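Here's the structure, in structure tokens; my notes come after.
Number of protein chains: 2
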Amino acid sequence: MSKVKVAINGYGTIGKRVADAVALQDDMEIVGVSKTRPNFEAFIARDKGYDIYAPSDRMDSMKKADLSVMGTVEDMIDVADVVVDCTPGGVGAENKSLYEKHGVKAIWQGGEDHELAGFSFNAVSNYSEALGRDFVRVVSCNTTGLCRVISPLDKEFGVKKVRVSLLRRSADPGDIKKGPINAIVPNPVKLPSHHGPDVKSVMPHINITTTAVKLPTTLMHVHIVNIDFEKDCTEKDIEEVLSRQSRVRFVGQGISSTAEIIELSRDMLRPRYDMWENCVWNESISLYEKELYFFQAIHQESNVIPENVDAIRAMMELEKDGEKSIEKTDKAIGLI
Amino acid sequence: MSKVKVAINGYGTIGKRVADAVALQDDMEIVGVSKTRPNFEAFIARDKGYDIYAPSDRMDSMKKADLSVMGTVEDMIDVADVVVDCTPGGVGAENKSLYEKHGVKAIWQGGEDHELAGFSFNAVSNYSEALGRDFVRVVSCNTTGLCRVISPLDKEFGVKKVRVSLLRRSADPGDIKKGPINAIVPNPVKLPSHHGPDVKSVMPHINITTTAVKLPTTLMHVHIVNIDFEKDCTEKDIEEVLSRQSRVRFVGQGISSTAEIIELSRDMLRPRYDMWENCVWNESISLYEKELYFFQAIHQESNVIPENVDAIRAMMELEKDGEKSIEKTDKAIGLI
Numbered sequence: 001m002s003k004v005k006v007a008i009n010g011y012g013t014i015g016k017r018v019a020d021a022v023a024l025q026d027d028m029e030i031v032g033v034s035k036t037r038p039n040f041e042a043f044i045a046r047d048k049g050y051d052i053y054a055p056s057d058r059m060d061s062m063k064k065a066d067l068s069v070m071g072t073v074e075d076m077i078d079v080a081d082v083v084v085d086c087t088p089g090g091v092g093a094e095n096k097s098l099y100e101k102h103g104v105k106a107i108w109q110g111g112e113d114h115e116l117a118g119f120s121f122n123a124v125s126n127y128s129e130a131l132g133r134d135f136v137r138v139v140s141c142n143t144t145g146l147c148r149v150i151s152p153l154d155k156e157f158g159v160k161k162v163r164v165s166l167l168r169r170s171a172d173p174g175d176i177k178k179g180p181i182n183a184i185v186p187n188p189v190k191l192p193s194h195h196g197p198d199v200k201s202v203m204p205h206i207n208i209t210t211t212a213v214k215l216p217t218t219l220m221h222v223h224i225v226n227i228d229f230e231k232d233c234t235e236k237d238i239e240e241v242l243s244r245q246s247r248v249r250f251v252g253q254g255i256s257s258t259a260e261i262i263e264l265s266r267d268m269l270r271p272r273y274d275m276w277e278n279c280v281w282n283e284s285i286s287l288y289e290k291e292l293y294f295f296q297a298i299h300q301e302s303n304v305i306p307e308n309v310d311a312i313r314a315m316m317e318l319e320k321d322g323e324k325s326i327e328k329t330d331k332a333i334g335l336i
Numbered sequence: 001m002s003k004v005k006v007a008i009n010g011y012g013t014i015g016k017r018v019a020d021a022v023a024l025q026d027d028m029e030i031v032g033v034s035k036t037r038p039n040f041e042a043f044i045a046r047d048k049g050y051d052i053y054a055p056s057d058r059m060d061s062m063k064k065a066d067l068s069v070m071g072t073v074e075d076m077i078d079v080a081d082v083v084v085d086c087t088p089g090g091v092g093a094e095n096k097s098l099y100e101k102h103g104v105k106a107i108w109q110g111g112e113d114h115e116l117a118g119f120s121f122n123a124v125s126n127y128s129e130a131l132g133r134d135f136v137r138v139v140s141c142n143t144t145g146l147c148r149v150i151s152p153l154d155k156e157f158g159v160k161k162v163r164v165s166l167l168r169r170s171a172d173p174g175d176i177k178k179g180p181i182n183a184i185v186p187n188p189v190k191l192p193s194h195h196g197p198d199v200k201s202v203m204p205h206i207n208i209t210t211t212a213v214k215l216p217t218t219l220m221h222v223h224i225v226n227i228d229f230e231k232d233c234t235e236k237d238i239e240e241v242l243s244r245q246s247r248v249r250f251v252g253q254g255i256s257s258t259a260e261i262i263e264l265s266r267d268m269l270r271p272r273y274d275m276w277e278n279c280v281w282n283e284s285i286s287l288y289e290k291e292l293y294f295f296q297a298i299h300q301e302s303n304v305i306p307e308n309v310d311a312i313r314a315m316m317e318l319e320k321d322g323e324k325s326i327e328k329t330d331k332a333i334g335l336i
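Those protein sequences? They're chains A and B, same order as listed.
So for the first sequence, UniProt numbering puts the first residue at 1; every next one is plus one.
So for the second sequence, UniProt numbering puts the first residue at 1; every next one is plus one.
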């Protein structure tokens, strides 16, 4: 069987990681990645052997920088079965007509609105609903992290109400332009935050309220999760359900912060120290006055990567069973 | 009427501020402050005209540094009606027998256990219960900040349940020894945190659950507050109740973070840029699915200062009415 041809439109934080994850799968291949600027990421992409494409008005600047380009973004789309759009939030929407014109399937990231794709995806929550679709939106890192724990707990115990405080890293490690350096920024100030509705874009029946702040850190987000359940359950029950999720990792063993999680990932020699799994402090799992509380950390740069691979597999109907796709993806990238 | 004689045992972050606040009241005066080391704070205290005392085994090092000392800590206690113990958390407990021996009233800070004083104080919550007491504990900055909003809202609407995410600054601005620099630290990992029980030390009937993290910032704590009420109320009702609290300040006007609150305080020419009030983003006050949510920022170095003054006034029965003491304190320090 020939491999599914995947193009990456936008080779930045998410795009470069999706490219590498797709390249490791045996049922799909990268046919091209698009760059707008001839920066270090473009040269690394070339060194990896990816075919590089660029918008037509950027071809000259790429050539001037001695970076050979295979063609325009439209040329790249022509050779692809599915495009993973990893352009900056809001830009992806402008590409929809292009994908429609070329009759290619497309995946957008969480920075775009649900309405653009008409379907918001999370592998453990709604894989089967993505089968054969032309357009899918993989939800943001925060929403993905929430769906991965809410969905299995909901199936088991019935979720009555979820309340989450999202403590967000303000900038990625390589981003020297954003702040704050020394402040806590309620964001948005007007409550609740948009993250709750975004979880509902995947699981419309979940009653969830979220609040969010931006913090002077670059490494990971942290969620303080509070859930009321319909059914009685124990802390052991919760831990057991979460322990069955391949994309939930329990952390302890002296790990008391996001910094130590990243150090763990570096010691595991993960590519780019990526931590694809939700990191749940299992010691924090507490039922207090019948409500569940726990902490989890989310690596904003990498946790949606496995879901992008699964989305391709569902849309191309390479695998009908979500659990099997999840296992295949995770094994190929080295998550398990 | 002669002024009440107040001694400050421990002239650090809290002690130096309590000294200055007491010195501004017309019904009390500072008779001495104790220092253990002849550092810059000790010399500033001398320049302000405070009589300086030291533990007997530190007298020599103070004299060597050319800092004149009036006597030992015991000498200081002998000339005081009430001692405000601002020694580091845990150290204050060791001083109790000394205060008992000298028959002097004492106030401890939130770093000590409730049991040490047998009574935990917050001015708007339980002023009248402190009247005439010998020993009082002024609760921590976080607990004070919570009591100031929970107590009046409880009186008006009846609090059914409170859930708070406490986002804590990890170190004070002058502290170069503590971290983290770039991490989010769930602390404690085991939930819930001790802050809920600490609120109950003031208001035992309040049903409250708290979670806490430490953050790489020095300026202020932020609380994400969630409250279920017994009675129906509107956002306007909530705002109206909070607007009546002199120690709650609404922030807006382009203030989107703790850094900008501190900038406001600097522009107001507040001493040491102290922000004694809870800073509530009134735009954040939201009723969502019948639950209240809002953000407030707490200046950890200064928000318990007015309460220390009120505690002295209650213990010495200088004023029977809590509201009048609060007004008197606030006017004298320049809060209103």
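Cβ atoms here follow ideal geometry from the backbone N, Cα and C, with glycine treated the same way.
All of these numbers come straight from a predicted model, not from anything done at the bench.
Which residues of the stretch 153-172 of chain A have a Cβ closer than 7 Å to any Cβ of chain B? Give them in chain order. Arg163, Ser165, Leu167
Give the interface partners of tyrosine 273 of chain A over in chain B, defined as CB-CB distance under 9 Å, in chain order. Here residue 273 of chain A is taken as the residue at index 273 of the first sequence, counted from 1. Result: empty, since nearest Cβ-Cβ is about 14 Å, beyond 9 Å.
Of all Cβ atoms in chain A, is any one closer than 8 Å to the Cβ of proline 204 of chain B? Counting from one through the second sequence, the residue named residue 204 of chain B turns up at place 204. Chain A, which has no Cβ nearer than 8 Å to the Cβ of proline 204 of chain B, makes this no.
Any Cβ of chain B within less than 8 Å of the Cβ of asparagine 226 of chain A? For the purposes of this step, residue 226 of chain A is taken as the residue at position 226 of the first sequence. At least one CB atom of chain B sits nearer than 8 Å to the CB of asparagine 226 of chain A.
Would you say leucine 166 of chain B and isoleucine 227 of chain B are within 8 Å of each other, going by their C-beta atoms? Position 166 of the second sequence, counted from the first residue, corresponds to residue 166 of chain B. Position 227 of the second sequence, counted from the first residue, corresponds to residue 227 of chain B. No, these two residues do not count as a Cβ contact at 8 Å.
Got a sec: is the Cβ-Cβ distance from lysine 320 of chain B to anything in chain A below 8 Å? Counting from one through the second sequence, the residue named residue 320 of chain B turns up at place 320. No, no contact with chain A.
In or out: glutamate 94 of chain A buried (at least 16 other Cβ within 10 Å) or exposed? Within the first sequence, residue 94 of chain A is the residue found at index 94, counting from 1. Per the 10 Å Cβ criterion, exposed.
Going by beta carbon distance, what residues of the same chain come within less than 8 Å of glycine 252 of chain A, once the five residues before and after it are set aside? Counting from one through the first sequence, the residue named residue 252 of chain A turns up at place 252. Excluding residues within five positions, the ones whose Cβ falls inside 8 Å are Trp281, Asn282, Glu283.
Could you check whether glycine 145 of chain B and residue 343 of chain B sit closer than 8 Å to each other, using their CB atoms as the reference points? Past the boundaries of the shown model lies residue 343 of chain B; chain B is included only from 1 to 336, so the question cannot be answered.
Roughly how many angstroms separate the alpha carbons of glycine 89 of chain A and glutamine 245 of chain A, rounded to a whole number? In the first sequence, counting from the first residue as 1, residue 89 of chain A sits at position 89. In the first sequence, counting from the first residue as 1, residue 245 of chain A sits at position 245. Using only the alpha carbons, I get a separation of about 29 Å.
State buried or exposed for asparagine 207 of chain A, treating a residue as buried only when at least 16 other CB atoms are found within 10 Å of its CB. Position 207 of the first sequence, counted from the start, is the residue given in the question as residue 207 of chain A. With fewer than 16 Cβ atoms within 10 Å of its Cβ, asparagine 207 of chain A is classed as exposed.
Hey, how far is the Cα of glutamate 289 of chain B from the Cα of glycine 174 of chain B? Start at 1 with the first residue of the second sequence, and residue 289 of chain B comes out as number 289. Start at 1 with the first residue of the second sequence, and residue 174 of chain B comes out as number 174. Their Cα atoms are separated by approximately 42 Å.
Quick one: grab the DSSP three-state call for aspartate 330 of chain B. Taking the second sequence and counting its residues from 1, the one referred to as residue 330 of chain B is at position 330. Three-state result, aspartate 330 of chain B: helix.
Please confirm if phenylalanine 229 of chain B has its CB atom under 8 Å from at least one CB of chain A. Indexing the second sequence from 1 puts residue 229 of chain B at position 229. Output row for phenylalanine 229 of chain B: interface = no.
In the DSSP output, what is tyrosine 288 of chain B paired with across the bridge? What you label residue 288 of chain B is simply residue 288 of the second sequence in a count that begins at 1. According to DSSP, which records beta bridges pairwise, tyrosine 288 of chain B is partnered with B/Glu291.
Against chain A, with Cβ distances strictly below 8 Å, would serine 284 of chain B count as a contact? Stepping through the second sequence from its first residue, residue 284 of chain B is reached at position 284. With 8 Å as the cut-off, serine 284 of chain B counts as an interface residue toward chain A.
Report the residue from B/Asp267, B/Asp60, B/Asp232 whose alpha carbon sits nearest the alpha carbon of glycine 158 of chain B. By 1-based counting over the second sequence, the position of residue 158 of chain B is 158. Nearest of B/Asp267, B/Asp60, B/Asp232 to glycine 158 of chain B, Cα basis: B/Asp232.
Against chain A, does isoleucine 298 of chain B count as a neighbour if the rule is that its beta carbon must be under 8 Å from one of theirs? The residue given as residue 298 of chain B occupies position 298 in the second sequence. It does not; no Cβ of chain A falls within 8 Å.
Coarse secondary structure for histidine 195 of chain A, derived from DSSP in three states: In the first sequence, the residue the question calls residue 195 of chain A occupies position 195. DSSP places histidine 195 of chain A in helix when its eight states are reduced to three.
Determine the extent of the beta strand (DSSP E) in which glutamate 74 of chain A is found, giving its start and end residues. Mapped onto the first sequence, residue 74 of chain A falls at position 74. Per DSSP, glutamate 74 of chain A belongs to no beta strand (DSSP E); it is in the alpha helix (DSSP H), 73-78.
Would you mind working out which of B/Asp51, B/Val185, B/Ala65 sits nearest threonine 72 of chain B, comparing C-alpha positions? Locating residue 72 of chain B in the second sequence gives position 72, where the first residue counts as 1. Nearest option by C-alpha distance: B/Asp51.
Residue ranges of each alpha helix (DSSP H) run of no fewer than 4 residues wholly in the stretch 177-221 of chain B, ordered along the chain? 195-202
Residues in the stretch 182-195 of chain B with C-beta within 7 Å of chain A's C-beta atoms, listed in sequence order? Asn182, Ala183, Ile184, Val185, Pro186, Val189, Lys190, Leu191, Pro192
Step through the CB atoms of chain A and report whether any lies within less than 8 Å of the CB of alanine 259 of chain B. Within the second sequence, numbered from 1, the residue matching residue 259 of chain B stands at position 259. At least one chain A Cβ lies under 8 Å of alanine 259 of chain B.
Work out the CA separation of lysine 64 of chain A and glycine 179 of chain B for me, nearest whole Å. Here residue 179 of chain B is taken as the residue at index 179 of the second sequence, counted from 1. Here residue 64 of chain A is taken as the residue at index 64 of the first sequence, counted from 1. For glycine 179 of chain B and lysine 64 of chain A, the distance between alpha carbons rounds to 46 Å.
Kindly say whether glutamate 289 of chain A, judged by its beta-carbon, lies nearer than 8 Å to any beta-carbon of chain B. Locating residue 289 of chain A in the first sequence gives position 289, counting from the first residue. Put simply, the CB of glutamate 289 of chain A is near chain B, with a gap under 8 Å to one of its CB atoms.
Which residues in chain B sit within 8 Å of valine 248 of chain A, going by Cβ to Cβ distance? Within the first sequence, the letter at position 248 stands for residue 248 of chain A. Going along chain B, no residue has its Cβ under 8 Å from valine 248 of chain A, so there is no contact; the nearest lies around 16 Å.
Is it the case that the stretch 118-134 of chain B contacts the stretch 178-196 of chain B, given that we only count it when at least three CB pairs across the two stretches are under 8 Å? no
CB alanine 259 of chain B to CB cysteine 279 of chain B, shorter than 8 Å? By one-based count along the second sequence, residue 259 of chain B stands at place 259. By one-based count along the second sequence, residue 279 of chain B stands at place 279. Not in contact: alanine 259 of chain B and cysteine 279 of chain B (Cβ atoms no closer than 8 Å).
Indicate whether isoleucine 312 of chain A and valine 104 of chain A have their beta-carbon atoms separated by less than 8 Å. Looking up residue 312 of chain A in the first sequence gives position 312. Looking up residue 104 of chain A in the first sequence gives position 104. It is not a contact, given that the beta carbons lie outside the stated cut-off.
Cα-Cα, which of A/Ser170, A/Lys96, A/Pro55 is closest to methionine 76 of chain A? Taking the first sequence and counting its residues from 1, one reaches residue 76 of chain A at position 76. Nearest C-alpha to methionine 76 of chain A: A/Pro55.
Within the stretch 38-62 of chain B, note down every full alpha helix (DSSP H) run reaching 4 residues or more, in order along the chain. Taking only runs of at least 4 residues, the alpha helix (DSSP H) segments lying wholly in the stretch 38-62 of chain B are 40-48.
Taking aspartate 81 of chain A as the reference, give the member of A/Gln300, A/Ile8, A/His221, A/Ser68 with the closest Cα. Taking the first sequence and counting its residues from 1, one reaches residue 81 of chain A at position 81. The alpha carbon of aspartate 81 of chain A has as its nearest neighbour, out of A/Gln300, A/Ile8, A/His221, A/Ser68, the alpha carbon of A/Ile8.
Tell me serine 120 of chain B's beta-bridge partners as DSSP assigns them. Residue 120 of chain B sits at position 120 when you count from the first residue of the second sequence. Here serine 120 of chain B is bridged, per DSSP, to B/Arg137.
Leaving aside the five residues before and after tyrosine 329 of chain B along the sequence, list all residues of the same chain whose C-beta is less than 6 Å from its C-beta, in chain order. Your numbering for residue 329 of chain B matches position 329 in the second sequence. The identity of residue 329 of chain B in the sequence shown is threonine, whereas the question assumes tyrosine. The residues Pro306, Val309, Asp310, in chain order, have a CB closer than 6 Å to that of threonine 329 of chain B in the same chain once the five nearest residues on each side in sequence are set aside.
Any C-beta of chain E sitting closer than 8 Å to the C-beta of methionine 220 of chain A? No chain E is present in this structure, whose protein chains are A and B.
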